[in-house]
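Heads up: the structure comes next, in structure tokens.
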Amino acid sequence: MKGFIPLLFLLISVHSLTIIDSILATKCVYYMKQFDWGCGSTSNSAKYYSCRCHNVDWIGSITNCLESEGANDTSEYIDHAYRHIRGRCLGKGHIDWPVDVLKSYQQNATSYLQEPTFADKKITLSHPISVNSTGFEYTDRTFNHIYAQVIRSQAFSWGYIFFITFFISLATAFNFFRIFIIRYTNGKHINNPTSLMTKIRCHIVNSNLRHDSIITLFKGFRFQIPTRLDTLVIAFFGIYMVLATCAGISIELPNQYQNGHMWQLWDLLGYRTALGAFALIPPTFFFGIRNNPFINLTGSSISSFMFYHKWLAFGMSLQALIHSGVWTAYTIREGDYSSWAADAYWIWGVVGTTLCFLIIFSSMMWFRDLCYEFFLIIHKSFSIVFITAMWYHCNTLGWMGWIYSTIVIYVYDSVVRFIWILANGGAKPAKITKLNDELIRVLVECPNKSNDYWYAGAFAYIYFLNIRTRFYQSHPFSIMKSKRSRERNCYAFVFKTHKGITNKIMNELNRNFKVTGDRSKYINVFVEGPYGPYKPLVAHEQYVFIAGGVGFTPVYSQAVDIIERNNKNLKSHKKLIKFIWIVKNSEYYKFFKEDLHYLFENDVEIEIHITRNASNNIDDKTEEQEGNIVNNFSISSEENIELLQYKTSSDYYHKAIEHTSRPLISDIVQNVDVSQHSTMFIASGPSTLNDDVRAAVNHLTKGSRIRIDYQEDSFIF
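The sequence shown maps to residues -25 to -1, 1 to 692 in mature numbering (1 follows the signal peptide of the UniProt record, and there is no 0).
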């Protein structure tokens, strides 16, 4: 089912804009409007449509034109032209002419038809007229040109879909090729990479556009900086969007529809951007849903897909803005803005364009930092209203296929999310524990009594079903595979409290503690997931995990996954694992002590860096402690001594290091021995830590003849 939904992009039916919905009807309308029907103008505004559509001579003349100029076409083609005339009279003239009635007027008019004369353009007609083939040729040439331009615009709009399809296909092919090489060569072919591949990884794949992935402007406005690879993809998209908007627009003068060079250019640009905006609606929604099958197929991160989602939304909104501006200027020029602005499709178009920019504004990182819960409500509700607005904007114009596919994508994601919740057991009790004033641990029983159910590195959305914890909202948390003796059939989630729902949960636990004295409470939850690409860590000989704070949880599960594979495949060469954890105080060790002991017992080299231990004072040390200071690092506290004294069967070295300031990540990375083994560095923590690890690994890669790779676990969207 997941793979089928994207194919709808290639199957959706596309209808026409009003002017080319029936090119035959449009030619007849514009040919007949040059004559005087007693309406005081040759404009095609709603006011004059109302006049003409109530004139039986005009009805007889226009229907005769359909029959005479469509004589060589199919009956269905002519009937569609009749339906077009009926729609225009109903929508603008507020009179309904059923097709059979229009045809009867056509039959009746044949007895009274007269050849049109030049005087008929200045003297009000009192009889139906036929079509002069010479005069009609000008109209015919005009709208054949307009029709060709709109069809070209349609082709460029489909180009967006083909661009996205090509990008996804290429990424999927590379991902499958990589998996194939790893699986069938046991990773041997990646140990000695070529200099070209090393440069590509260093300068494109693994590098940010700049060192910091998050920049802060004006003391509080945070913005995300993408990787160079994501930037390259969006750069190509931007180039195509410029070409798709501007290329191939040709002007033909004289022209009955728009006779001025500038106005004809703007008119065609309005069509081009309208179709471009419509075409970008489905992929914008598709890249923003949780259950996107291409995340796993391409091996991309959800952060990358959300980055593409934002830029597709920006491109769509920009095209919609240009489209709206062109048509607003056109109606003002025609002096008919008030009547156009009263139409439902016009109103809904304005609503849709406005919502586009409100959604983009509310999605900016600084706005989410300010009021994340409000952002969630706005994003969901405005998205639904936007789809509704586009439905009513297009249902009389055509192009509903794009809207149908968007609705299918939205419903598909909602249904699959509901299925995930049911698959995980529906509402189930979870043990919520307050670790300290900022950390919470959630323990959930596995759906099938086995903690092999979810893959390492995955995350899930949790709904806390308590009226005081905003049960209608869900938040993503990394899944931690618990190896504690009493929790072998459970998964754990550990998170830090911030504003919003996590703060509500902490308040609930505080209330419970005051009443019962218990730091834990059972609350029913929905668990939706797992999500995130599955990336089995099997290709490299050595894995170095660098975690910051609660970034411990996703990388711990990945380390456990490697250990379990090591224990199953006793004949194969065991993967080396180094686990580096940076925390602000030794209290963190207490919370994860049991989890760390599982790593101790399985020959994982562990290094804990403690950055802010309140009990530590570097100026007040014994001689014995002074001897343990290395590069301004000191070793102290009972927890650290316990860790240092823990021995494994292989006598692996473990250490806990206290710093007088934040440690240099570059020094930590440089101290890892990568001279003998292909190495994968996995970072999990705040953006500053991930950025420093990424930069340090890139620097290490440049001078290495051994394969060195980098990946990170991050919820920064």
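Positions of the beta carbon are idealized from the N, C-alpha and C atoms, including for glycine.
Exercise for review: Mind the definition here: the segment 95 to 112 touches the segment 38 to 47 only if three or more C-beta pairs lie below 8 Å; say whether that holds.
Suggested key: They touch, by the three-pair rule.
Check your understanding: Span of the beta strand (DSSP E) holding residue 710?
Key -> Nothing about residue 710 can be reported from this structure: the residues present for the chain run from -25 to 692 only.
Check your understanding: With DSSP run on the structure shown, which of helix, strand or coil describes Leu351?
Key -> Helix.
Check your understanding: Any Cβ of chain D within less than 9 Å of the Cβ of Phe212?
Key -> You won't find chain D in this structure, because it holds only one protein chain.
Check your understanding: In terms of residues, what are the limits of the alpha helix (DSSP H) holding His236?
Key -> Here the alpha helix (DSSP H) through His236 covers His236 to Gly263.
Review point. Between the segment 526 to 536 and the segment 459 to 479, do three or more beta carbon pairs fall short of 8 Å?
Key: These segments touch.
Check your understanding: Excluding sequence positions up to five away, which residues of its chain have a Cβ less than 8 Å from the Cβ of Phe446?
Key -> So the qualifying residues of the chain are Tyr438, Phe439 and Leu440.
Exercise for review: Identify whether Lys409 lies in helix, strand or coil by the three-state DSSP scheme.
Suggested key: Note: Lys409 maps to strand in three-state DSSP.
Review point. For Glu44, which of Arg463, Ala84, Leu244 and Leu(-2) has the nearest alpha-carbon?
Key: Nearest of Arg463, Ala84, Leu244 and Leu(-2) to Glu44, Cα basis: Leu(-2).
Practice item. Could you tell me if His178 is buried or exposed, where buried requires 16 or more neighbouring beta carbons within 10 angstroms of its beta carbon? Key: With fewer than 16 neighbouring CB atoms inside 10 Å of its own CB, His178 falls in the exposed class.
Point to revise | Simplified DSSP state of Ser170, which is helix, strand or coil | key: Under the three-state reduction of DSSP, Ser170 is assigned to helix.
Review point. Which partner residues of Val74 appear in the DSSP bridge assignment?
Key: For Val74, DSSP assigns no beta-bridge partner whatsoever.
Check your understanding: If you draw a straight line from the alpha carbon of Thr597 to that of Ser689, how long is it in whole angstroms?
Key -> Since pLDDT at Thr597 reaches only 35, below the 50 mark, its modelled position is unreliable, and the value read off the structure follows with that caveat. For Thr597 and Ser689, the distance between alpha carbons rounds to 41 Å.
**Study point:** CB contact flag (residue 695, Leu551, <9 Å)
**Key:** Residue 695 lies beyond the range of the chain shown here (-25 to 692); nothing can be said about it.
Review point. Comparing alpha-carbon positions, which option in Lys677, Ile681 and Val644 lies nearest Leu664?
Key: Looking at the Cα atoms, Val644 is the closest of the given residues.
**Study point:** For Ile552, the residue or residues it bridges with in DSSP
**Key:** Secondary-structure assignment with DSSP links Ile552 through a beta bridge to Tyr518.
Practice item. Can you give me the start and stop residues for the beta strand (DSSP E) that Pro505 sits inside? Key: Counted as a single uninterrupted DSSP element, the beta strand (DSSP E) harbouring Pro505 occupies residues Ser495 to Tyr506.
Check your understanding: How should Arg61 be labelled, buried or exposed, when 16 other C-beta atoms within 10 angstroms of its C-beta is the threshold for buried?
Key -> Arg61 is buried by the Cβ-count criterion.
**Study point:** Where residue 740 sits in the DSSP three-state scheme
**Key:** Past the boundaries of the shown model lies residue 740; the chain is included only from -25 to 692, so the question cannot be answered.
Review point. Under the DSSP definition of a beta bridge, which residues are partnered with Asp684?
Key: Per DSSP, Met655.
Exercise for review: Return the chain-ordered list of same chain residues with a C-beta closer than 7 Å to the C-beta of Gly432, the five sequence neighbours on each side being excluded.
Suggested key: A distance below 7 Å between beta-carbons, with the five flanking residues on each side excluded, links Gly432 to the following residues of its chain, in chain order: Gly507, Lys510, Pro529, Ser532, Gln533 and Asp688.
Check your understanding: Considering only C-alpha positions, which residue in the set Ile334, Trp12 and Met216 is nearest to His29?
Key -> Nearest of Ile334, Trp12 and Met216 to His29, Cα basis: Trp12.
Review point. So what does DSSP say about Cys221, is it helix, strand or coil?
Key: It is helical.
Review point. Between the Cα of Gly213 and the Cα atoms of His236, Ala46, Gly245 and Leu293, which residue gives the shortest distance?
Key: Looking at the Cα atoms, Leu293 is the closest of the given residues.
Point to revise | 6 Å CB neighbourhood of Ser337 in its chain, flanking five on each side removed | key: Taken in chain order, the residues that qualify are Phe350 and Ile353.
Check your understanding: Quick one: Cα of Phe137 to Cα of Pro422, how far?
Key -> If you take the alpha carbons of Phe137 and Pro422, they lie about 40 Å apart.
Practice item. List the endpoints of the continuous alpha helix (DSSP H) containing His55. Key: His55 -> alpha helix (DSSP H) spans Ser50 to Lys67.
Review point. For Ile557 versus Tyr385, is the C-beta spacing smaller than 9 Å?
Key: At a Cβ-Cβ threshold of 9 Å, Ile557 and Tyr385 do not count as neighbours.
Check your understanding: For the candidate residues Thr303, Tyr135 and Ile209, whose alpha-carbon lies nearest to that of Ala316?
Key -> For Ala316, the nearest C-alpha among the options comes from Thr303.
**Study point:** contact_flag[the segment 402 to 416, the segment 498 to 505] where n(CB pairs < 8 Å) is 3 or more
**Key:** Yes, the segment 402 to 416 is in contact with the segment 498 to 505.
Review point. Nearest-angstrom Cα distance between Gly15 and Ile98?
Key: The alpha-carbon atoms of Gly15 and Ile98 are separated by roughly 11 Å.
**Study point:** Asn478 - DSSP class collapsed to helix/strand/coil
**Key:** Of the three classes helix, strand and coil, the one that applies to Asn478 here is helix, per DSSP.
Review point. Lys622 by DSSP, collapsed to three states: which one?
Key: For Lys622, the predicted model reports a pLDDT of 42, less than 50, meaning its position is unreliable and no value from the coordinates is stated.
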